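Asks: Residues in the sequence shown are numbered consecutively from 292, following our numbering.
Next up is a structure, given as structure tokens.
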Amino acid sequence: MNRRDQFMSVPRQSGQERDSSERIGDFNEYKERFTEAEASEQASRCMDCGTPFCHVGETYGQVKIGCPVYNLIPEWNLLVEQGNFKEALGRLQQTNNFPEFTGRVCPAPCEGSCTLSINEPAVTIKQIERTIIDIGFEKGWVQPRIPAIRSQHRIAIVGSGPAGLAAADQLNQAGHQVTVFEREDQIGGLLTYGIPAMKLSKEIVARRVRLLETEGIRFRTGVTIGLDLSLDQLEAEYDAVILCVGATEPRKLHDVPSRGVGYAMDYLTSVTRHLLTGQSLTTLHDTKGKDVLVIGGGDTGADCVATALRQGCRSVVQFGKHEMPGQVRSPENMWPDTPNLYTLDYGYEEALVQFGRDPREYLIAIDRYTTGDAGQLTGVWTIHNEKIRHPDGRIEFRTISGTEKYFPVDTMLIAIGFSGVEQDVLRHLAVDSENGKIKAAAYATNRPGVFAAGDARRGQSLIVWAIREGREVAEVVEHHLLTLKKTG
Ligand SMILES: Cc1cc2nc3c(=O)[nH]c(=O)nc-3n(C[C@H](O)[C@H](O)[C@H](O)COP(=O)(O)OP(=O)(O)OC[C@H]3O[C@@H](n4cnc5c(N)ncnc54)[C@H](O)[C@@H]3O)c2cc1C
Ligand code: SF4
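Dropping the structure here:
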């Protein structure tokens with residue numbers, strides 16, 4: 292019988308990271324999995340609390356709780372503690388199609404909802420998840436599952452990000468004939484061209500794609516639906532079409548200098564494309580020896596900081612609009628909500644080691660740019676703001692005079708978020724949309740037999756949410772196929 296009180300004696304360990312000054316010399320993954328012994332010890336910290344909020348996976352108003360795919364966390368924690376990794380893998384695969392992705396890059400809302408985290412550091416759930424699946428692949432336990440019986444139903448999925456891949460996996464396992472159409476030269480969506488390789492190796496993505504292909508899913512790259520093939524054609528040839536086209540229309544920054552300025556996504560995509568295919572980088576996207584400014588305090592900005600460091604930039608700063616998060620939860624952000632706390636993410640730690648300072652500047656705004664003769668960006672004048680919360684809930688940013696500062700900068704990358712599905716994609720697909728997203732309340736669009744899921748439906752989100760949407764849309768499509776049988 293296992294003891295359930297190790298949380299009092301075993302401290303949390305997060306797993307080994309490669310040394311910061313070494314890892315900025317390459318684009319290999321910066322983090323390693325646990326050893327089996329480490330994973331078992333960390334899993335033993337699970338209290339078996341009885342009401343595991345970690346796997347609830349719900350949103351109440353603004354409060355987000357637990358794992359969106361309802362991972363059976365306490366169950367696999369117990370199995371890992373007992374050293375039974377094979378059975379733990381079976382449990383994990385019941386709820387999560389791609390734990391090797393979430394185990395590496397999920398921000399782990401589960402840990403924010405872990406009951407232990409009320410007054411102690413949470414169980415290291417994400418790192419245990421990664422260890423289970425990595426061991427599963429290493430020991431050959433993850434094998435192709437080829438459906439024994441095939442239905443006559445044909446399904447087209449547009450977009451090969453985590454939502455499209457999860458829907459494809461579910462429907463293929465149900466025996467249907469699934470084809471995934473992708474406009475890029477590689478499968479994976481933002482798993483491939485978005486999230487940098489040091490967070491998620493592209494070989495890890497390719498390994499899963501090979502497995503899905505062996506299991507019977509057809510992938511067609513270099514095909515843009517709406518241009519190369521119309522949605523009408525897909526509707527005519529397939530019993531259902533699922534649009535998983537993402538939400539990568541960047542929020543724009545206007546009146547910027549004509550040279551030396553670009554969007555974060557274009558930058559991250561071309562750096563990964565350069566790594567994968569050797570395609571040369573534009574001057575803007577090669578930041579070696581440059582003074583880089585990243586606009587936007589979010590995770591995409593953090594990935595730009597880490598990428599510029601690996602390219603050998605001369606300096607890097609990141610501007611955020613909001614204040615520095617606190618070290619403890621605020622009263623509006625209490626457990627079991629996902630915590631908004633100060634953390635030293637991998638790229639920030641690397642910048643600290645390389646340049647002796649955290650690159651982030653908070654509550655800062657650009658007042659004006661300085662440029663050279665050819666319109667090339669040479670620097671920015673900034674001013675700091677104070678954030679005022681009015682009693683009616685309004686938030687106002689007021690400039691603080693006397694805080695003007697100059698930053699010499701020759702490359703500026705804009706990472707201020709995404710407004711929805713790319714406008715060209717929406718125009719060519721001709722389905723109803725609302726606020727830049729495809730309108731599909733219960734996954735069905737206004738076109739019969741055409742469904743939508745992932746970021747395209749919910750807006751820019753997380754991989755774990757894309758997987759959940761892929762699983763749920765597959766269920767809705769199954770019901771649709773049943774109605775076809777009845778009417779056909
Ligand atoms: C830089 C960056 C870093 C991120 N880091 C993380 C992270 O660390 N952790 C995390 O959980 N989330 C992260 N995210 C968010 C996460 O990647 C997304 O929420 C997730 O990938 C959404 O999945 P999706 O399948 O809905 O869409 P996407 O992954 O965007 O895939 C959509 C696919 O559709 C294709 N497509 C679009 N239109 C067409 C068409 N007409 N025809 C054919 N194909 C088409 C696109 O080429 C793309 O491949 C990050 C996002 C960005 C931008
Ligand atoms: S998928 Fe994300 S939220 Fe779910 S258990 Fe893994 S790390 Fe936690």
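Cβ atoms here follow ideal geometry from the backbone N, Cα and C, with glycine treated the same way.
Since the model is a prediction, treat every value here as computed from it, not as a measurement.
Name, in chain order, the residues that DSSP records as bridge partners for K579.
Replies: Its beta-bridge partners do not exist; DSSP assigns none.
Asks: Look at the Cβ atom of K355, then the Cβ atom of T629, and state whether they are nearer than 7 Å.
Replies: yes
Asks: Are the CB atoms of Q461 and R445 within a distance shorter than 7 Å?
Replies: No, these two residues do not count as a Cβ contact at 7 Å.
Asks: Counting pairs of Cβ atoms below 8 Å between the region 545-564 and the region 735-743, do you hit three or more?
Replies: no
Asks: Cβ of C532 within 7 Å of Cβ of V360?
Replies: Before going further, note that residue 532 is Val rather than Cys in the sequence given. At a Cβ-Cβ threshold of 7 Å, V532 and V360 do not count as neighbours.
Asks: For M299, count neighbouring Cβ atoms within 10 angstroms of its own Cβ and tell me buried if that reaches 16, exposed if not.
Replies: exposed
Asks: Should I707 and G587 be called a contact, given that it needs their Cβ atoms to be closer than 7 Å?
Replies: yes
Asks: Return the residue from the list M615, P622, D476 and P453 that minimises the CA-CA distance to R651.
Replies: Residue M615 is the option with its Cα nearest to R651.
Asks: Let me check you understand the geometry: is the CB of C595 closer than 6 Å to at least one non-hydrogen atom of ligand 1?
Replies: no
Asks: Taking the C-alpha atoms as reference points, what is the distance between T690 and P487?
Replies: 35 Å
Asks: With DSSP as the reference, identify every bridge partner of F510, one or two as the case may be.
Replies: According to DSSP, F510 bridges with V471.
Asks: In terms of alpha-carbon separation, which member of H565, F709, A457 and A454 lies closest to M556?
Replies: F709
Asks: For the 8 Å Cβ check, are there 3 or more pairs between the region 717-726 and the region 426-441?
Replies: no
Asks: Kindly indicate which residue of R648, Y637, E695 and T515 has the alpha-carbon position closest to the one of S311.
Replies: Y637
Asks: Does the Cβ-Cβ distance between Q304 and E323 come in under 7 Å?
Replies: no
Asks: According to DSSP, simplified to helix, strand and coil, what is V716?
Replies: helix
Asks: So, at 6 Å on beta carbons, what are the nonlocal neighbours of E528 in its own chain, with the 5 sequence-adjacent residues on each side left out?
Replies: none
Asks: When the Cα atoms are used, what is the spatial distance from A459 to I754?
Replies: 15 Å
Asks: Could you tell me whether any non-hydrogen atom of ligand 1 is closer than 6 Å to the CB of G587?
Replies: Distances between the C-beta of G587 and the heavy atoms of ligand 1 are all 6 Å or more.
Asks: Hey, could you find the ends of the beta strand (DSSP E) R680 is sitting in?
Replies: L668 to R680
Asks: Can you give the beta carbon distance from A538 to A747, rounded, assuming they're within the 8 Å contact cut?
Replies: 6 Å
Asks: Excluding sequence positions up to five away, which residues of its chain have a Cβ less than 8 Å from the Cβ of V767?
Replies: A733, Y734, A735 and F742
Asks: For P302, count neighbouring C-beta atoms within 10 Å of its own C-beta (all shown protein chains included) and say buried if the count is 16 or more, exposed if not.
Replies: exposed
Asks: In the DSSP assignment, find the unbroken beta strand (DSSP E) run with Q609 in it and report its ends.
Replies: That run of the beta strand (DSSP E) goes S606 to F610.
Asks: According to the Cβ coordinates, are A330 and V371 closer than 7 Å?
Replies: yes
Asks: Would you check if the region 500-515 and the region 577-592 touch, i.e. whether three or more CB-CB distances between them fall below 8 Å?
Replies: no
Asks: May I ask you to report which of helix, strand or coil DSSP gives G553?
Replies: strand
Asks: Hey, could you find the ends of the alpha helix (DSSP H) T393 is sitting in?
Replies: P390 to V396
Asks: Taking the alpha-carbon positions, what's the A334 to V607 distance?
Replies: Annotation: A334 to V607 spans about 38 Å, alpha carbon to alpha carbon.
Asks: Mind the definition here: the region 412-426 touches the region 376-388 only if three or more C-beta pairs lie below 8 Å; say whether that holds.
Replies: yes
Asks: For F472, which residues in the same chain have their Cβ closer than 6 Å to its Cβ, ignoring the five residues on either side in sequence?
Replies: Only V449, R511, V514 and I516 meet the Cβ criterion.
Asks: For I686, collect the residues of the same chain with a Cβ closer than 8 Å to its Cβ; drop the 5 residues on either side in sequence, then sort them by chain order.
Replies: Here the set comprises K678, I679 and R680.
Asks: Note down the Cα distance separating E769 from A447, rounded to an integer number of angstroms.
Replies: 13 Å
Asks: If you reduce the DSSP assignment to three classes, tell me which class H770 lands in.
Replies: helix
Asks: Assuming Y639 is part of the alpha helix (DSSP H), what are its boundary residues?
Replies: Here the alpha helix (DSSP H) through Y639 covers Y637 to F646.
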